[in-house]
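S.K.:
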Amino acid sequence: MKRKNHSSLILLMMAAVFLLMVVLYSTIFSPQTTTAALKSDAGQMGKPLYKLDIAWPKYTEYFTGQVFGVAVDHIEGLVYVAQRGENVPKVLVFSTDGDFLQAWNTSTLEEPHGIFLANATANPTVWITDVGKGAYGHTIKQYSPSGKLLQVLGTPGKPGSNLNPLQFDQPAEIFVHSSGEIYIVDGDGGMNNRLIKLSKDLQVLWMHGEKGQGLAQFNIPHSVAVDYYQRVWVADRGNKRIQVFNSVTGDWLGSWGSCFDDDAPYSVRLTADQKYFVVAQLNTNQVSLLEAPPVGGIGQCRVTSVIQLAEDIKPHLVDVDLKTGALYVAEIGGQQAQKFIPLTRGSSFL
1 MKRKNHSSLI LLMMAAVFLL MVVLYSTIFS PQTTTAALKS DAGQMGKPLY
51 KLDIAWPKYT EYFTGQVFGV AVDHIEGLVY VAQRGENVPK VLVFSTDGDF
101 LQAWNTSTLE EPHGIFLANA TANPTVWITD VGKGAYGHTI KQYSPSGKLL
151 QVLGTPGKPG SNLNPLQFDQ PAEIFVHSSG EIYIVDGDGG MNNRLIKLSK
201 DLQVLWMHGE KGQGLAQFNI PHSVAVDYYQ RVWVADRGNK RIQVFNSVTG
251 DWLGSWGSCF DDDAPYSVRL TADQKYFVVA QLNTNQVSLL EAPPVGGIGQ
301 CRVTSVIQLA EDIKPHLVDV DLKTGALYVA EIGGQQAQKF IPLTRGSSFL
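Take the sequence shown: its letters are residues 1 to 350, numbered as in the UniProt record's numbering.
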(Lines of atoms letter the chains of each structure in order from A and count residues from 1; the text may use other names and numbers.)
(Lines give C-alpha, C1' and ligand atoms only; values in the text may rest on other atoms or scores of the structure.)
Protein backbone atom coordinates (compact mmCIF):
# COMPACT_ATOMS: atom_id res chain seq x y z
CA MET A 1 0.00 0.00 0.00
CA LYS A 2 2.80 2.38 0.89
CA ARG A 3 4.51 1.65 -2.46
CA LYS A 4 1.27 2.37 -4.32
CA ASN A 5 0.77 5.68 -2.50
CA HIS A 6 4.39 6.59 -3.20
CA SER A 7 3.92 5.90 -6.94
CA SER A 8 0.76 8.00 -7.04
CA LEU A 9 2.55 10.88 -5.36
CA ILE A 10 5.33 10.74 -7.94
CA LEU A 11 2.79 10.77 -10.79
CA LEU A 12 1.02 13.79 -9.28
CA MET A 13 4.30 15.66 -8.94
CA MET A 14 5.25 14.87 -12.55
CA ALA A 15 1.86 16.14 -13.75
CA ALA A 16 2.26 19.35 -11.76
CA VAL A 17 5.71 19.96 -13.24
CA PHE A 18 4.34 19.36 -16.75
CA LEU A 19 1.51 21.85 -16.21
CA LEU A 20 3.95 24.42 -14.86
CA MET A 21 6.15 24.02 -17.96
CA VAL A 22 3.13 24.50 -20.23
CA VAL A 23 2.17 27.72 -18.43
CA LEU A 24 5.72 29.08 -18.57
CA TYR A 25 6.06 28.22 -22.26
CA SER A 26 2.78 29.95 -23.16
CA THR A 27 3.76 33.03 -21.13
CA ILE A 28 7.19 33.40 -22.71
CA PHE A 29 6.30 32.66 -26.32
CA SER A 30 2.79 34.02 -26.57
CA PRO A 31 2.47 36.94 -29.06
CA GLN A 32 0.58 38.80 -26.32
CA THR A 33 3.49 38.70 -23.89
CA THR A 34 3.28 41.51 -21.35
CA THR A 35 5.92 44.18 -20.93
CA ALA A 36 6.78 42.82 -17.48
CA ALA A 37 7.59 39.41 -18.95
CA LEU A 38 9.63 40.92 -21.76
CA LYS A 39 11.83 42.77 -19.28
CA SER A 40 13.56 39.52 -18.45
CA ASP A 41 14.79 39.36 -22.06
CA ALA A 42 18.45 40.13 -22.70
CA GLY A 43 18.26 43.79 -23.56
CA GLN A 44 15.37 43.78 -26.04
CA MET A 45 11.62 44.12 -25.71
CA GLY A 46 9.20 43.97 -28.58
CA LYS A 47 10.53 44.03 -32.14
CA PRO A 48 14.37 44.11 -32.17
CA LEU A 49 15.53 47.12 -34.19
CA TYR A 50 19.08 47.79 -32.93
CA LYS A 51 22.07 45.96 -31.51
CA LEU A 52 24.91 47.32 -29.41
CA ASP A 53 28.18 48.05 -31.21
CA ILE A 54 30.60 46.75 -28.57
CA ALA A 55 33.58 48.02 -30.59
CA TRP A 56 32.57 51.71 -30.30
CA PRO A 57 34.47 53.61 -29.17
CA LYS A 58 37.72 51.72 -29.45
CA TYR A 59 38.95 53.05 -26.11
CA THR A 60 36.56 54.09 -23.35
CA GLU A 61 39.14 55.67 -21.02
CA TYR A 62 38.59 59.02 -22.75
CA PHE A 63 35.26 59.31 -20.92
CA THR A 64 36.25 61.02 -17.69
CA GLY A 65 33.04 62.79 -16.66
CA GLN A 66 29.27 62.44 -16.73
CA VAL A 67 28.09 62.19 -20.34
CA PHE A 68 25.03 64.37 -20.94
CA GLY A 69 24.67 64.77 -24.71
CA VAL A 70 25.80 63.50 -28.09
CA ALA A 71 25.63 64.93 -31.63
CA VAL A 72 26.48 63.30 -34.96
CA ASP A 73 27.94 64.87 -38.11
CA HIS A 74 26.82 62.31 -40.70
CA ILE A 75 28.74 64.01 -43.52
CA GLU A 76 32.17 64.05 -41.87
CA GLY A 77 31.56 60.91 -39.82
CA LEU A 78 32.09 62.61 -36.45
CA VAL A 79 30.49 62.14 -33.04
CA TYR A 80 30.60 64.97 -30.49
CA VAL A 81 30.13 63.92 -26.86
CA ALA A 82 29.39 66.50 -24.13
CA GLN A 83 30.43 65.67 -20.59
CA ARG A 84 30.54 67.34 -17.19
CA GLY A 85 32.92 67.24 -14.29
CA GLU A 86 35.83 69.00 -12.61
CA ASN A 87 38.98 69.26 -14.71
CA VAL A 88 37.57 67.25 -17.62
CA PRO A 89 37.31 68.30 -21.28
CA LYS A 90 33.72 69.32 -21.90
CA VAL A 91 33.55 67.93 -25.46
CA LEU A 92 35.14 64.77 -26.86
CA VAL A 93 35.23 64.11 -30.60
CA PHE A 94 35.23 60.58 -32.00
CA SER A 95 34.90 59.16 -35.49
CA THR A 96 31.87 57.03 -36.24
CA ASP A 97 34.35 54.13 -36.47
CA GLY A 98 35.31 54.67 -32.85
CA ASP A 99 38.64 56.49 -33.07
CA PHE A 100 39.27 59.28 -30.58
CA LEU A 101 40.15 62.46 -32.50
CA GLN A 102 40.32 65.41 -30.13
CA ALA A 103 39.08 67.04 -26.93
CA TRP A 104 37.87 70.60 -26.49
CA ASN A 105 39.72 72.06 -23.54
CA THR A 106 37.59 75.17 -23.58
CA SER A 107 36.99 77.36 -20.54
CA THR A 108 33.81 78.85 -22.01
CA LEU A 109 31.63 75.86 -21.09
CA GLU A 110 30.49 75.23 -17.53
CA GLU A 111 27.85 72.48 -17.53
CA PRO A 112 26.87 71.29 -21.02
CA HIS A 113 23.42 69.76 -21.28
CA GLY A 114 22.16 69.45 -24.86
CA ILE A 115 24.36 69.37 -27.97
CA PHE A 116 23.33 69.66 -31.64
CA LEU A 117 25.22 69.49 -34.95
CA ALA A 118 23.75 72.05 -37.38
CA ASN A 119 24.14 72.59 -41.13
CA ALA A 120 26.17 69.43 -41.74
CA THR A 121 26.04 69.66 -45.53
CA ALA A 122 27.55 73.13 -45.89
CA ASN A 123 29.11 74.82 -42.88
CA PRO A 124 28.74 72.61 -39.80
CA THR A 125 28.66 74.15 -36.34
CA VAL A 126 28.06 72.67 -32.90
CA TRP A 127 25.44 74.22 -30.60
CA ILE A 128 25.58 73.50 -26.86
CA THR A 129 23.19 74.51 -24.09
CA ASP A 130 25.00 75.49 -20.88
CA VAL A 131 23.03 75.09 -17.64
CA GLY A 132 25.90 76.23 -15.42
CA LYS A 133 25.20 78.78 -12.71
CA GLY A 134 28.52 80.61 -12.96
CA ALA A 135 29.80 83.40 -15.20
CA TYR A 136 29.23 81.50 -18.47
CA GLY A 137 26.01 79.66 -17.68
CA HIS A 138 22.34 80.08 -18.68
CA THR A 139 23.39 80.37 -22.32
CA ILE A 140 23.42 78.59 -25.67
CA LYS A 141 26.75 78.62 -27.47
CA GLN A 142 27.73 78.02 -31.08
CA TYR A 143 31.15 76.51 -31.82
CA SER A 144 33.21 75.60 -34.82
CA PRO A 145 33.97 71.86 -35.27
CA SER A 146 37.37 72.46 -33.65
CA GLY A 147 35.86 74.13 -30.57
CA LYS A 148 36.20 77.83 -31.37
CA LEU A 149 33.43 79.90 -29.79
CA LEU A 150 31.44 81.69 -32.52
CA GLN A 151 28.48 83.27 -30.72
CA VAL A 152 26.48 83.18 -27.50
CA LEU A 153 22.71 83.35 -27.08
CA GLY A 154 21.44 84.61 -23.75
CA THR A 155 23.06 86.66 -21.01
CA PRO A 156 26.08 84.81 -19.57
CA GLY A 157 25.75 84.21 -15.85
CA LYS A 158 22.32 85.83 -15.56
CA PRO A 159 19.17 83.70 -15.59
CA GLY A 160 16.07 85.41 -16.93
CA SER A 161 12.94 85.27 -19.07
CA ASN A 162 13.40 88.26 -21.39
CA LEU A 163 13.01 87.80 -25.13
CA ASN A 164 14.69 91.06 -26.11
CA PRO A 165 17.47 90.65 -25.29
CA LEU A 166 17.25 86.85 -25.03
CA GLN A 167 17.66 85.33 -21.60
CA PHE A 168 17.47 81.72 -20.47
CA ASP A 169 17.42 79.80 -17.22
CA GLN A 170 19.11 76.42 -17.62
CA PRO A 171 18.19 75.89 -21.31
CA ALA A 172 17.84 72.16 -21.94
CA GLU A 173 18.23 71.61 -25.68
CA ILE A 174 18.36 73.27 -29.09
CA PHE A 175 17.32 71.99 -32.52
CA VAL A 176 18.50 73.90 -35.61
CA HIS A 177 16.40 73.15 -38.70
CA SER A 178 17.94 72.92 -42.16
CA SER A 179 16.17 76.23 -42.93
CA GLY A 180 18.25 77.90 -40.23
CA GLU A 181 15.27 78.33 -37.91
CA ILE A 182 15.99 77.46 -34.29
CA TYR A 183 13.88 75.68 -31.67
CA ILE A 184 14.82 75.92 -27.99
CA VAL A 185 13.41 74.25 -24.88
CA ASP A 186 14.16 76.32 -21.78
CA GLY A 187 14.68 75.25 -19.03
CA ASP A 188 16.00 72.27 -17.20
CA GLY A 189 14.42 72.96 -13.81
CA GLY A 190 14.82 76.75 -13.72
CA MET A 191 12.23 79.53 -13.71
CA ASN A 192 11.31 79.02 -17.37
CA ASN A 193 9.19 76.33 -19.02
CA ARG A 194 9.32 77.51 -22.62
CA LEU A 195 9.40 76.37 -26.21
CA ILE A 196 10.80 79.17 -28.37
CA LYS A 197 11.13 79.39 -32.14
CA LEU A 198 13.70 81.82 -33.54
CA SER A 199 14.21 82.91 -37.12
CA LYS A 200 17.55 82.49 -38.84
CA ASP A 201 18.47 86.01 -37.72
CA LEU A 202 17.48 85.20 -34.11
CA GLN A 203 14.12 86.98 -34.00
CA VAL A 204 11.37 85.37 -31.90
CA LEU A 205 8.70 83.93 -34.22
CA TRP A 206 6.48 82.27 -31.62
CA MET A 207 6.64 80.90 -28.11
CA HIS A 208 4.78 78.78 -25.57
CA GLY A 209 5.94 79.67 -22.10
CA GLU A 210 3.50 78.79 -19.35
CA LYS A 211 4.14 76.24 -16.62
CA GLY A 212 1.36 73.72 -16.02
CA GLN A 213 -0.28 70.50 -17.13
CA GLY A 214 -2.65 71.93 -19.73
CA LEU A 215 -2.36 72.08 -23.50
CA ALA A 216 0.84 73.83 -24.62
CA GLN A 217 1.97 74.17 -21.00
CA PHE A 218 5.20 72.58 -19.78
CA ASN A 219 6.97 71.25 -16.74
CA ILE A 220 10.68 70.90 -17.59
CA PRO A 221 10.63 70.76 -21.41
CA HIS A 222 13.76 68.69 -21.94
CA SER A 223 14.23 67.85 -25.63
CA VAL A 224 12.93 69.04 -29.00
CA ALA A 225 12.94 67.76 -32.59
CA VAL A 226 11.27 68.72 -35.88
CA ASP A 227 10.06 66.15 -38.41
CA TYR A 228 9.58 66.38 -42.18
CA TYR A 229 5.88 67.20 -41.81
CA GLN A 230 6.44 70.59 -40.12
CA ARG A 231 5.71 69.24 -36.65
CA VAL A 232 7.66 70.08 -33.50
CA TRP A 233 7.95 67.31 -30.88
CA VAL A 234 8.80 68.24 -27.29
CA ALA A 235 9.70 65.86 -24.46
CA ASP A 236 7.69 67.44 -21.63
CA ARG A 237 9.60 65.65 -18.90
CA GLY A 238 7.87 66.85 -15.74
CA ASN A 239 4.43 66.08 -17.21
CA LYS A 240 5.56 62.64 -18.50
CA ARG A 241 4.38 63.27 -22.04
CA ILE A 242 5.41 64.41 -25.52
CA GLN A 243 3.62 67.44 -26.97
CA VAL A 244 3.34 68.25 -30.66
CA PHE A 245 3.08 71.63 -32.41
CA ASN A 246 2.82 73.05 -35.91
CA SER A 247 6.30 74.37 -36.69
CA VAL A 248 4.99 77.27 -38.80
CA THR A 249 2.17 78.61 -36.63
CA GLY A 250 3.04 77.14 -33.23
CA ASP A 251 -0.47 75.68 -32.92
CA TRP A 252 -0.85 72.73 -30.54
CA LEU A 253 -1.50 69.49 -32.44
CA GLY A 254 -1.58 66.74 -29.85
CA SER A 255 0.00 64.96 -26.93
CA TRP A 256 1.33 61.48 -26.07
CA GLY A 257 1.28 60.33 -22.48
CA SER A 258 0.14 56.71 -22.40
CA CYS A 259 3.64 55.38 -23.16
CA PHE A 260 5.21 57.07 -20.16
CA ASP A 261 3.41 55.74 -17.10
CA ASP A 262 6.62 54.25 -15.67
CA ASP A 263 9.05 57.04 -16.57
CA ALA A 264 9.17 60.38 -18.33
CA PRO A 265 10.60 60.97 -21.82
CA TYR A 266 14.00 62.65 -21.59
CA SER A 267 14.83 62.83 -25.30
CA VAL A 268 13.08 62.91 -28.64
CA ARG A 269 14.80 62.21 -31.96
CA LEU A 270 13.67 60.69 -35.24
CA THR A 271 15.32 57.73 -36.92
CA ALA A 272 16.89 58.39 -40.31
CA ASP A 273 13.89 56.95 -42.17
CA GLN A 274 11.46 58.97 -40.00
CA LYS A 275 9.61 55.79 -39.01
CA TYR A 276 10.30 55.94 -35.28
CA PHE A 277 10.96 58.33 -32.46
CA VAL A 278 13.89 57.51 -30.21
CA VAL A 279 13.08 58.30 -26.59
CA ALA A 280 15.43 57.87 -23.63
CA GLN A 281 13.87 57.13 -20.22
CA LEU A 282 16.51 57.78 -17.60
CA ASN A 283 15.02 56.23 -14.46
CA THR A 284 13.97 52.94 -16.07
CA ASN A 285 17.24 52.74 -18.07
CA GLN A 286 15.40 52.30 -21.36
CA VAL A 287 15.60 53.61 -24.91
CA SER A 288 12.19 53.25 -26.56
CA LEU A 289 11.30 53.28 -30.26
CA LEU A 290 7.85 54.77 -30.87
CA GLU A 291 5.93 54.67 -34.13
CA ALA A 292 6.05 58.05 -35.87
CA PRO A 293 2.63 58.96 -37.30
CA PRO A 294 2.41 60.07 -40.92
CA VAL A 295 1.11 63.47 -41.90
CA GLY A 296 -2.32 64.03 -40.41
CA GLY A 297 -3.59 63.17 -36.96
CA ILE A 298 -1.12 62.48 -34.16
CA GLY A 299 -3.03 59.42 -32.96
CA GLN A 300 -2.02 57.27 -30.00
CA CYS A 301 1.48 56.59 -28.71
CA ARG A 302 2.71 53.11 -29.69
CA VAL A 303 5.96 51.50 -28.52
CA THR A 304 7.48 49.19 -31.13
CA SER A 305 10.75 48.27 -29.46
CA VAL A 306 12.65 48.91 -26.24
CA ILE A 307 16.37 48.64 -25.58
CA GLN A 308 16.72 47.71 -21.92
CA LEU A 309 20.03 48.97 -20.57
CA ALA A 310 21.76 47.78 -17.41
CA GLU A 311 20.77 49.19 -14.04
CA ASP A 312 21.95 52.73 -13.25
CA ILE A 313 23.13 53.45 -16.83
CA LYS A 314 20.69 56.41 -16.93
CA PRO A 315 20.35 57.32 -20.64
CA HIS A 316 19.87 61.07 -20.97
CA LEU A 317 19.86 62.39 -24.56
CA VAL A 318 20.33 60.69 -27.93
CA ASP A 319 21.21 61.43 -31.54
CA VAL A 320 20.96 59.57 -34.83
CA ASP A 321 23.40 59.22 -37.72
CA LEU A 322 21.28 60.24 -40.72
CA LYS A 323 23.60 58.37 -43.10
CA THR A 324 23.92 54.96 -41.45
CA GLY A 325 20.94 55.05 -39.11
CA ALA A 326 23.15 54.33 -36.09
CA LEU A 327 21.88 55.49 -32.71
CA TYR A 328 24.13 57.13 -30.11
CA VAL A 329 23.07 57.35 -26.46
CA ALA A 330 24.56 59.68 -23.82
CA GLU A 331 24.54 57.87 -20.48
CA ILE A 332 25.00 59.81 -17.25
CA GLY A 333 25.19 56.86 -14.88
CA GLY A 334 27.41 54.79 -17.17
CA GLN A 335 29.66 57.82 -17.79
CA GLN A 336 29.86 56.92 -21.45
CA ALA A 337 28.22 57.17 -24.84
CA GLN A 338 27.19 54.00 -26.64
CA LYS A 339 26.46 53.22 -30.28
CA PHE A 340 23.62 50.99 -31.47
CA ILE A 341 23.48 49.69 -35.03
CA PRO A 342 20.17 49.18 -36.88
CA LEU A 343 19.50 45.52 -37.61
CA THR A 344 18.09 46.41 -41.02
CA ARG A 345 19.39 49.35 -43.01
CA GLY A 346 16.59 51.88 -43.35
CA SER A 347 16.38 54.55 -46.03
CA SER A 348 17.75 57.97 -45.14
CA PHE A 349 16.67 61.40 -46.33
CA LEU A 350 20.05 62.57 -47.61
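Think of the CB as a built atom: it goes at the ideal place given N, C-alpha and C, for glycine as much as any other residue.
Here the structure is a predicted model, which means the values were calculated and not measured.
Since I believe I242 is in contact with P265 (beta carbons under 8 Å), could you give me their beta-carbon distance rounded to a whole number of angstroms?
M.R.: Yes, they are in contact, since the Cβ atoms of P265 and I242 sit about 6 Å apart, within 8 Å.
S.K.: With burial defined as no fewer than 16 other Cβ atoms inside 10 Å of the residue's Cβ, what is the status of Q300: buried or exposed?
M.R.: exposed
S.K.: Name the DSSP beta bridge partners of H208, please?
M.R.: L195
S.K.: Does the beta-carbon distance from L92 to Y62 come in below 7 Å?
M.R.: yes
S.K.: My output table needs one value for E311: the three-state DSSP class, helix, strand or coil.
M.R.: Reduced to three states, the DSSP call for E311 is coil.
S.K.: Compute the Euclidean distance between the alpha carbons of D201 and K141, then round it to the nearest angstrom.
M.R.: 15 Å
S.K.: Rounded to the nearest angstrom, what separates A337 and R237 at their Cα positions?
M.R.: 21 Å
S.K.: Please report the Cβ distance between Q44 and Q308, rounded to the nearest whole angstrom; I am assuming they are in contact, meaning their Cβ atoms lie under 8 Å.
M.R.: 7 Å
S.K.: Between which two residues does the beta strand (DSSP E) harbouring Q203 extend?
M.R.: It is not in any beta strand (DSSP E) - Q203 carries neither H nor E in the DSSP assignment.
S.K.: For T155, which option in M207, I115 and K133 has the closest C-alpha, if you only look at C-alpha atoms?
M.R.: K133
S.K.: Determine the direct distance from the alpha carbon of F68 to that of N219, and round the result to whole angstroms.
M.R.: 20 Å
S.K.: Cα-Cα, which of G334, Q230 and E291 is closest to K197?
M.R.: Q230
S.K.: Restricting to Cα atoms, I'd like to know which of R194, V131, W256 and V244 is closest to K211.
M.R.: For K211, the closest C-alpha among the options R194, V131, W256 and V244 is that of R194.
S.K.: Would you mind reading off the limits of the beta strand (DSSP E) that contains K51?
M.R.: First-last of the beta strand (DSSP E) with K51: Y50 to L52.
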